Amino acid sequence: MASAIAFILFGISEALERTHGMEKIVDDLQWKVNKMTEKDEPIPNAWKCPSCGKQNPNYVGTCSCGQGKE
């Protein structure tokens, strides 16, 4: 009986640890979404991608969306 209780408690502790890990993942994703939706500060000597609107430094020839600098 004691081993069954220990097994149950172990399972509960594992579930709680995974829940905490999931909270971290959700927090990280929420932070990334917030950063993506914020208004970008102007970058000096940057070009704006005509496809997605992302600002890219002048030394970058291709945007991360695949559109080339024109």
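Whatever position you read off the sequence shown (first residue = 1), add 163 for my numbering. In this text, a Cβ means the ideal position worked out from N, Cα and C, and glycines have one as well. For clarity, every value in this text was computed on a predicted model and none was experimentally measured.
(message) Judging by CA-CA distance, which residue of Tyr-222, Val-196, Cys-226 is the nearest neighbour of Cys-212?
(response) By 1-based counting over the sequence shown, the position of residue 212 is 49. Each of Tyr-222, Val-196, Cys-226 was checked against the Cα of Cys-212, and the nearest Cα belongs to Cys-226.
(request) Out of Lys-195, Glu-186, Pro-220, point me to the one whose CA is closest to Ile-206's CA. (result) One-based indexing of the sequence shown puts residue 206 at position 43. Checked all of Lys-195, Glu-186, Pro-220; the closest Cα to Ile-206 is Pro-220.
(message) Let me check one thing: in DSSP terms, what residues is Gln-218 bridge-paired to?
(response) Residue mapping note: residue 218 aligns to position 55 of the sequence shown, counting from 1. BP columns for Gln-218 point to Lys-211.
(message) Just to confirm my understanding: we take Glu-233, look at its own chain, exclude 5 residues before and 5 after, and list those with CB closer than 7 Å. What are they?
(response) The residue you call residue 233 lines up with position 70 of the sequence shown. In chain order, Pro-213 place their CB closer than 7 Å to the CB of Glu-233, counting only its own chain and leaving out the 5 sequence neighbours on each side.
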